[in-house]
Amino acid sequence: ANRDGDLSARASEMEEDEREQKVVLGRIFRRIGTDGGGTLSYDELVLGAEQEVEFRRWLRVMDIDSQDLKQLFSIVDEDGIGEIDPGEFIEAMCRAYDRLEDRREVCETHRLEDR
Numbered sequence: 156a157n158r159d160g161d162l163s164a165r166a167s168e169m170e171e172d173e174r175e176q177k178v179v180l181g182r183i184f185r186r187i188g189t190d191g192g193g194t195l196s197y198d199e200l201v202l203g204a205e206q207e208v209e210f211r212r213w214l215r216v217m218d219i220d221s222q223d224l225k226q227l228f229s230i231v232d233e234d235g236i237g238e239i240d241p242g243e244f245i246e247a248m249c250r251a252y253d254r255l256e257d258r259r260e261v262c263e264t265h266r267l268e269d270r
């Protein structure tokens with residue numbers, strides 16, 4: 156029963172982390188959207204990556220370089236109009252972050268098993 160409690164607490168913690176991430180990403184999106192149009196172009200995204208400290212930190216943590224950023228943008232811009240909206244941006248960044256967390260867990264598990 157204690158294990159269920161631990162899992163439940165962990166799930167709540169993860170949901171809270173995700174909510175916080177989305178708030179931060181929303182704030183980043185608003186800061187890097189220079190034209191006030193409510194969407195981001197690829198150029199705005201690149202400029203934001205260069206100028207916005209918080210965004211740069213996110214990208215560094217996730218090991219996303221300028222080439223990855225271009226790929227990320229083209230994946231997110233599903234309709235190909237050259238603009239992404241806040242929802243698309245936030246979801247893409249969260250997915251990238253989740254994949255990073257999954258990789259970390261796998262690496263940690265392997266490290267523990269190797270001992």
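One point on numbering: in our numbering, the residue at position 92 of the sequence shown is 247, and numbering is uninterrupted.
Each residue gets a CB set at the ideal place from its N, CA and C atoms; glycine is no exception.
This one's a predicted model, so the numbers in the text were calculated from it and none came from an experiment.
Report task. Helix, strand or coil for Glu-207, going by three-state DSSP, please let me know. Result -> Of the three classes helix, strand and coil, the one that applies to Glu-207 here is coil, per DSSP.
Query raised in the report: To the nearest angstrom, how far is it from the Cα of Asn-157 to the Cα of Ile-187?
Result: Annotation: Asn-157 to Ile-187 spans about 45 Å, alpha carbon to alpha carbon.
Requested in this report: Tell whether a beta-carbon distance below 9 Å holds between Gly-192 and Pro-241.
Outcome: No; because the gap between Cβ atoms is not below 9 Å, this pair is not in contact.
Query raised in the report: In chain order, what residues of the same chain have a beta carbon less than 7 Å from the beta carbon of Ala-204, not counting five sequence neighbours either side?
Result: Cβ within range, chain order: Phe-210, Arg-211, Leu-214, Leu-224.
Query raised in the report: alpha helix (DSSP H) containing Gly-181: first to last residue?
Result: Counted as a single uninterrupted DSSP element, the alpha helix (DSSP H) harbouring Gly-181 occupies residues 157-187.
Query - Closest by C-alpha distance to Ser-229, when choosing among Asp-198, Asp-190, Val-216, Leu-162 - result: Minimum Cα distance to Ser-229 is reached at Asp-198.
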